[in-house]
Structure formats: C-alpha cells, structure tokens
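2 protein chains.
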Amino acid sequence: MPGQTPPEFDKSFQEKLDSLLRWRRDVRRFRRDPLPDGTLEALVERACLAPSVGNSQPWRFVRVRDGARRATVRAEFERANADALAAQAPEDRTTYTRLKLAGLDRAPEQIAVFCDESTAAGRGLGRRTMPETLRYSAVGAVFALWLAARARGIGVGWVSILEPARMNAILDAPAEWTFVAYLCVGYPEIEDDAPELERAGWQARDERAARILDR
Amino acid sequence: MPGQTPPEFDKSFQEKLDSLLRWRRDVRRFRRDPLPDGTLEALVERACLAPSVGNSQPWRFVRVRDGARRATVRAEFERANADALAAQAPEDRTTYTRLKLAGLDRAPEQIAVFCDESTAAGRGLGRRTMPETLRYSAVGAVFALWLAARARGIGVGWVSILEPARMNAILDAPAEWTFVAYLCVGYPEIEDDAPELERAGWQARDERAARILDR
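Top to bottom, those sequences are chains V and W. Note that my numbering numbers the first sequence so that position 194 is 634, with each residue one more than the last. Note that my numbering numbers the second sequence so that position 48 is 488, with each residue one more than the last.
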C-alpha cells in the first residue's frame, strides 16, 4: 500500500486550531507598520496549498504597491460603497454609515486574488457540471492565506464592495482572470474574537446556520 | 480601546498549521469505520467559524444517511462522470478512467453544503457588486470543516461531478439554496502529502500559480 506516515495532530493542536478559527476575524483597522520582508510571499506560498478542483490551482495573485493604483482602488471602493448605502433599507442607513468596511486607508499590504478561467491545469477535471468550482478553489487560497496570516499575528480584511470588471481594468489583469477578492493585510490595531459587524450591532451569530438537516 | 488579548500562536503552531495545510488532501479512499458520535456535529460547528460576507453565515448543511438517497447520489455521480469522460480529450480518456474521483462507495459520512441565497442575515452588506461572495462564504465553511477534520485524522473528499439542480431535488433542499459541495467524510485508507491527481500523473504542481504580479 502506498502512502506515508502523516504528522500527528494532537489534542492541543486541535484546540489551538479551533482558537485560530475563532479569532480569525475580518480586520479593517490596521497598524501602519510594514510586514517583515518575505512575509507576503510566505503567505502566498501557504495559499497555494489550498484544495483545487482537478488540482487546477487557478489562483492568481496581484500585489498592489503603487500609490496611484491604491488610490484608484480606494476611489472605486468609495463609489461602490456609496451605491451600496443608497440601496440599503432606509432604517439601516445610519448604522451602515458608521461601519468601517475596509482597511484600504492604512493596510501596509494589499493583494488581489483572481481566478484564471483559462488555465489548462487540471484538464477540466471535476468542473464540467460545476464550473464555479474553479472560483471556489481561488476562495480556498484566500482562506488558507488568511489562517496562515492570523497564526503569525497578521490580520486580513476581505474587501468585496468593488466592481469586479473595474478591478481587472484598475489592476491591469488579463480579461480571462475573474476577480475574486481584494485583501488588506497587516497587523491589526485591535483584536477580538467577535466579528466587528456583531460588535457594531449589524449582524450577530445566526443560530440557523449551524443546523444540520437529515436526509 | 476595545478588544481582548488574543491567544498566542507560536512558531511551533505555525509550523504545524503549515503541515496541516500540506497534508490536507482530497480523500477518495476511505475506511468504513464510523466516526465517533458527535464528530460530524463538532466539525460543522467549526465550519460555522468561517468568514462570511456581511456576517451572513449562509452555509447550510444536509447530512445524508439514508441508503436509498446515497444510492441516488452515487448514480448521479456515475451519470455525470460518464458525461465528463466522454468530454475529455481522446488522449486523456484512458488515464481518466483509471482515476478514483469520489469516495461515495465507502465514506461513512456524507454531507452536502448549500448556500442560502434568501438569507436576510447580513442585510445584503458587501455583496451588492459581488453577489457570488455569498457562495464564497459557504466555500469558506467547507474549507474550515476540512481543516478541523484533518486535524482529527479525518479525511474529506469534495465531489463536484454532480449536477447542482439535481442535487437540490435528490436531497429535497429548498430551491433558494444553491448547491455548493458534496463532502465524503471518514478515516482515510492511505495518507500522503502529495495530491492523488499528482500521484496518478494527471496534474502536478503548477509553478505559475505561486507567482505574484506586481502592480
């Protein structure tokens, strides 16, 4: 029988992993200090260990450092967020304006994650009936990066209030790449094990979500 | 300043997390022994710690235990997989038929993950320009469950060779739930830190995937 002896993950590791999942958080308030050299590269390396459909590894990373480009991303966020505010139910608007929804102002690192729809890797395996699993694979990479970051005391915030087609244009990304996520990365200003949107009174834990239907 | 003191994740934990990411694997060869009582529920609890857009927590879980329903799922996989084989490039077909693409035959636990498109949780926040982030949130739940499982020596295999609309019908799931993943869960028969599709010569690591574009 093929195979290797896997590492042992003991009870103490399991508990720490639980703690990591609980403390992960979407961070929008960053300190300005830069990450040590090589850190972002190390996080991307971990992201590439995510599962992918047919082992297609369709994630693509664009690190955004140029000040003008960052300003354009921020303007695009402001534009999309103003539209989103206008679309909110009238009774929610005051609360909405009080929310801080992105760390674009201070996050020392910003990285966009795309999905390469044109990749030949995986030879299409596993995605004939569910082509969306290619994007889902890129989402896995985002989550792996997030956990690897948090384990190093680094926070990640996922900004989704952006128009995907505009993001391809702003970041000069190939047309066959689907924009999946824009991530702010840096040391968090505060730490908490409750989501910021819960603390702000926007959305608490939804007990229905943990229910399991039996079939 | 609000906030709490977070747990410390030291170097040793970081390395073990790396190891967990490396050994995660998509498992298709399961032992038949059942999971201890309460295990699947514990894994779902961890899944619910995933990030979600606007804290919408749209993941929904359907545990499939009924033998007739499992047989129908398996037949649906066989049907979709025969179609997929026919669609493969002629030179790939022989290799394709040799691949084991699902653990539906033996996995002691099977659980489907859906995304509730109708949830009011999160009040639409963050998904006006990118409604797909609701599905992406359910994908995060899949990945969190996967890692929590692997940390307990339990393997997960994601089956995507299924027609989503048929899965709603087979599992009697509400029409407003989008089918995201069908997971086989159980103890793996073999362990390896290389993907099965790599070992089978289908798709190796794609070095392009780890490249970072600078903008």
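Ideal placement from N, C-alpha and C gives every residue a C-beta, glycine not left out. Here the structure is a predicted model, which means the values were calculated and not measured.
{"Asked": "Opposing strand residues paired with C488/V [DSSP bridges]", "Found": "Partner(s): none; C488/V has no beta bridge."}
{"Asked": "Cβ-based neighbour list, L587/W, same chain, cut-off 7 Å, excluding 5 preceding and 5 following", "Found": "L460 and R464"}
{"Asked": "Other residues of its chain near L611/V: CB distance less than 6 Å, five sequence neighbours each side excluded", "Found": "V502 and A552"}
{"Asked": "Whole-angstrom distance between L457/W and M607/W, CA atom to CA atom", "Found": "34 Å"}
{"Asked": "Same chain, Cβ closer than 6 Å to R514/V, neighbours up to 5 away in sequence not counted", "Found": "L544"}
{"Asked": "Beta-carbon proximity of E636/V to R468/V, cut-off 9 Å", "Found": "yes"}
{"Asked": "Interface flag, S558/V vs chain W, CB-CB below 9 Å", "Found": "no"}
{"Asked": "For W412/V, the first and last residue of its enclosing beta strand (DSSP E)", "Found": "Residue 412/V lies beyond the residue range present for chain V, which begins at 441 and ends at 655; the question has no answer from this structure."}
{"Asked": "Segment contact, 8 Å Cβ cut-off, at least three pairs: the region 573-583 of chain W with the region 546-565 of chain W", "Found": "yes"}
{"Asked": "Residue closest to M570/W, alpha-carbon to alpha-carbon, out of R546/V, T618/V and A609/V", "Found": "T618/V"}
{"Asked": "C-beta contact flag for L574/V and V504/V at 9 Å", "Found": "no"}
{"Asked": "Within chain V, the residues that A511/W reaches when beta carbons sit closer than 7 Å", "Found": "In chain order: nothing, as chain V lies at least about 13 Å away."}
{"Asked": "For I652/V, three-class secondary structure by DSSP", "Found": "strand"}
{"Asked": "F470/W at chain V interface by Cβ criterion, 9 Å", "Found": "no"}
{"Asked": "Cβ-Cβ separation, D532/W to R648/V (assumed contact under 8 Å), whole Å", "Found": "Incorrect: roughly 43 Å between the Cβ atoms, too far for contact."}
{"Asked": "For G653/V, the nearest candidate out of K451/W, P447/W, V484/W and D477/W (CA to CA)", "Found": "Residue identity check: residue 653/V is Leu in the sequence provided, not Gly. The candidate whose alpha carbon is nearest that of L653/V is V484/W."}
{"Asked": "Paired residues, beta bridge with G626/W - DSSP", "Found": "G595/W"}
{"Asked": "Beta-carbon gap between A487/W and F517/W smaller than 9 Å", "Found": "no"}
{"Asked": "Nearest candidate by alpha-carbon position, reference D523/V, set T512/V, R471/V and T537/V", "Found": "T537/V"}
{"Asked": "Complete alpha helix (DSSP H) runs within the region 476-538 of chain V (minimum length 4 residues, chain order)", "Found": "479-487, 507-527 and 533-538"}
{"Asked": "Chain-ordered chain V contacts of C555/W [CB-CB under 9 Å]", "Found": "Residues of chain V passing the Cβ test: none, with the nearest at roughly 11 Å."}
{"Asked": "Three-state secondary structure (DSSP) of G562/W", "Found": "coil"}
{"Asked": "Inter-residue CB distance, E549/W and V625/W (contact presumed, cutoff 8 Å)", "Found": "4 Å"}
{"Asked": "Residues, ordered as in the chain, of the region 451-465 of chain W that lie near chain V by beta-carbon distance below 7 Å", "Found": "F453, Q454, K456, L457, D458, S459, L460, L461, R462, W463 and R464"}
{"Asked": "Cβ-based neighbour list, E638/W, same chain, cut-off 6 Å, excluding 5 preceding and 5 following", "Found": "A644"}
{"Asked": "Opening and closing residue of the beta strand (DSSP E) in which Q454/V lies", "Found": "No beta strand (DSSP E) holds Q454/V; the alpha helix (DSSP H) holding it covers K451 to W463."}
{"Asked": "Neighbourhood of G597/W by C-beta, 6 Å cutoff - its chain only, sequence neighbours within 5 removed", "Found": "D466, V467, R468, G543 and C624"}
{"Asked": "Under the three-state DSSP convention, the category A621/W falls into", "Found": "strand"}
{"Asked": "Cross-chain neighbours of D633/W in chain V, by beta carbon under 8 Å", "Found": "Q444 and P446"}
{"Asked": "Coil, strand or helix - E549/V by DSSP", "Found": "strand"}
{"Asked": "Own chain partners of P447/V with C-beta closer than 7 Å, once the 5 adjacent residues on each side are dropped", "Found": "none"}
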